[in-house]
Each structure stands twice: as structure tokens, then as C-alpha cells.
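Asks: Under our numbering, the first residue of the sequence shown is numbered 12, with each subsequent residue one higher. This structure is in C-alpha cells; I'll ask about it shortly.
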Amino acid sequence: MKKTETQEPTSAVEEFISLARIARTRGLRGELVADLLTDFPERFAERTSLVALWPDGRRKQVRLEEHWFQRDRIILKFAGYDSIEAAREFVGCELVVPESERAELPANNFYDWELAGCTVETVSGKELGSVREVMRTGGVEMLVVQSDDGRERLIPMAHDICVQIDVEAKLIRVNPPEGLLEL
């Protein structure tokens, strides 16, 4: 095991926020190309370490030696990984930070993961289902709401439709315009 890594950097129950997913190696010095998964790429400049998280749940703390942006991706270099062979183990993993270190959002803005699983009901109290995901359309985001019977509805996240969002209570109240729920 290299001196710069630990197998269990945080408690096993802590949730993580993904910043990037390693796509491939690059160059001869162990550099890695990653796809950004954050709206706050400037946070890489503030970090000296990250947690690498593999799909099987294995994780490793790594020290960020340097980074730079290239088009819409980020190039990363971890301390102690100085060759393609050494860096290759990170391909396919996500770089994450503990949820407690997430960037604070302005009022009335939410992370997608905060909305996932929220119960959606009308202002009159009719339950519509729960948020499966947030769909980005290039305009107004859409809540993909799935009911218990498997029906899927798309509900725009416009302020006049989503009138109350309480992520602590995992509840979203909507005031849908006529016909929206019949689509």
C-alpha cells in the first residue's frame, strides 16, 4: 500500500458527492482524464485530497498533486502514481468528497440527489409518486415522477408549478396547470 492512500478514509455510512469520473489514462507520468460531474469545477483548486470510489464500493484517499482543464474535461495527477501502469487502477472510479463538504447552493436551488426520492403531491394533497430523477432538457429541468403503479409523469420545475420543495421532509408540492397530469 502506498503511503498516500488509506482504504477507509471516512465512515462506512457517510454519503458522498461525485466530482468527476475517471475515463482513461493520459501521457507517461500517470495523468488521468476525467469527466466532470460537478457544477463547481473550481473546487479542485481548493482540494489537496480526494476519495476515489470504485463501483464495488472500494475507496481510497489520494493526494491531488496537480490538475488542469482541457476542453470539458479535467486532467488529474495523483501523488505517488507516476506511470500509466500505476494510474490505470483508477479508470472507471469516481472522485468524491463527503456530503458534508458539498458546495453550498443559493436559496431555492437543490442538488439532484436531494430531490431524488422526494414524494410529490398536489397542493390539494393527492400523492403523485416519488422523484426518480431530474431530467435536464436545456431549459427548465423536469422532475421524473414515478407512481406506485409504474406510471411516469414529467413535471417542470418551474416556480409556479413546484410551489414547495422541502428536501428535509422529502416532499415536493405542485400546483399543476390543467392537463399536465393527464399527459
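By construction, the Cβ of each residue, glycine as well, lies at the ideal position given by its N, Cα and C atoms.
Looking at Leu5: is its Cβ nearer than 8 Å to the Cβ of Ala98?
Replies: The requested residue 5 does not occur in the structure, where the chain is confined to residues 12 to 194.
Asks: In this structure, how does DSSP classify Asp171 when only helix, strand and coil are distinguished?
Replies: Position 160 of the sequence shown, counting from 1, holds the residue named residue 171. Coil.
Asks: Could you check what DSSP says for Glu76 in three-state terms: helix, strand or coil?
Replies: Sequence index remark: in the sequence shown, residue 76 carries index 65 (1-based). DSSP places Glu76 in strand when its eight states are reduced to three.
Asks: Just to confirm the assignment: which complete alpha helix (DSSP H) runs, minimum length 4, are found wholly within the stretch 112 to 194?
Replies: DSSP runs (the alpha helix (DSSP H)) wholly in the stretch 112 to 194: 123 to 126.
Asks: Which residue from Leu39, Gly41, Leu48 and Gly38 puts its Cα closest to that of Ala31?
Replies: Counted from its first residue, the sequence shown places residue 31 at position 20. The shortest Cα separation from Ala31 among Leu39, Gly41, Leu48 and Gly38 belongs to Leu48.
Asks: Which residues in the same chain have their Cβ closer than 7 Å to the Cβ of Phe101, if we skip the five residues on either side of it in sequence?
Replies: Locating residue 101 in the sequence shown gives position 90, counting from the first residue. If we look at Phe101 and ignore the five residues flanking it on each side, its Cβ neighbours are Ile33, Leu43 and Ala63.
Asks: For Ser29, which of helix, strand or coil comes out of DSSP?
Replies: For the purposes of this step, residue 29 is identified with residue 18 of the sequence shown, where counting begins at 1. Three-state DSSP puts Ser29 in a strand.
Asks: What residues in its chain sit with their C-beta under 7 Å from that of Asp46, if we drop five residues either side in the sequence?
Replies: Here the question's residue 46 lines up with position 35 in the sequence shown. For Asp46, where only same-chain residues beyond five positions count, the Cβ hits under 7 Å are Ala31, Arg32, Ala34 and Arg84.
Asks: Are the stretch 64 to 72 and the stretch 139 to 154 in contact at 8 Å, needing three or more beta carbon pairs?
Replies: With a cut-off of 8 Å, the stretch 139 to 154 and the stretch 64 to 72 do not count as touching, because too few Cβ pairs lie within range.
Asks: Should Val134 be labelled buried (16 or more other beta-carbon atoms within 10 Å of its own) or exposed?
Replies: By 1-based counting over the sequence shown, the position of residue 134 is 123. The residue is exposed, with fewer than 16 neighbouring Cβ atoms inside 10 Å.
Asks: Which stretch, first to last residue, makes up the beta strand (DSSP E) that contains Asp63?
Replies: Counting from 1 along the sequence shown, the entry for residue 63 is found at position 52. First, the residue type needs correcting, since residue 63 is Ala and not Asp in the sequence shown. Looking at the DSSP string, the run of the beta strand (DSSP E) that includes Ala63 is Ser60 to Leu64.
Asks: Count the other CB atoms, across all protein chains shown, that sit within 10 Å of the CB of Ser141; report buried if there are 16 or more and exposed otherwise.
Replies: In the sequence shown, counting from the first residue as 1, residue 141 sits at position 130. Buried: at least 16 other Cβ atoms inside 10 Å.
Asks: Excluding sequence positions up to five away, which residues of its chain have a Cβ less than 6 Å from the Cβ of Glu105?
Replies: Along the sequence shown, one-based indexing puts residue 105 at 94. Within the same chain, Glu105 has close Cβ partners Ser29, Arg32 and Leu64.
Asks: Relative to the C-alpha of His78, which residue among Ala114, Gly41 and Val155 is closest?
Replies: By one-based count along the sequence shown, residue 78 stands at place 67. The option with the nearest alpha carbon to His78 is Gly41.
Asks: Can you find the residues in the same chain that come closer than 8 Å, C-beta to C-beta, to Glu76, ignoring five residues on each side of it along the sequence?
Replies: Along the sequence shown, read from residue 1 onward, the residue named residue 76 stands at position 65. Excluding sequence neighbours, Glu76 sits near Lys88, Phe89 and Ala90.
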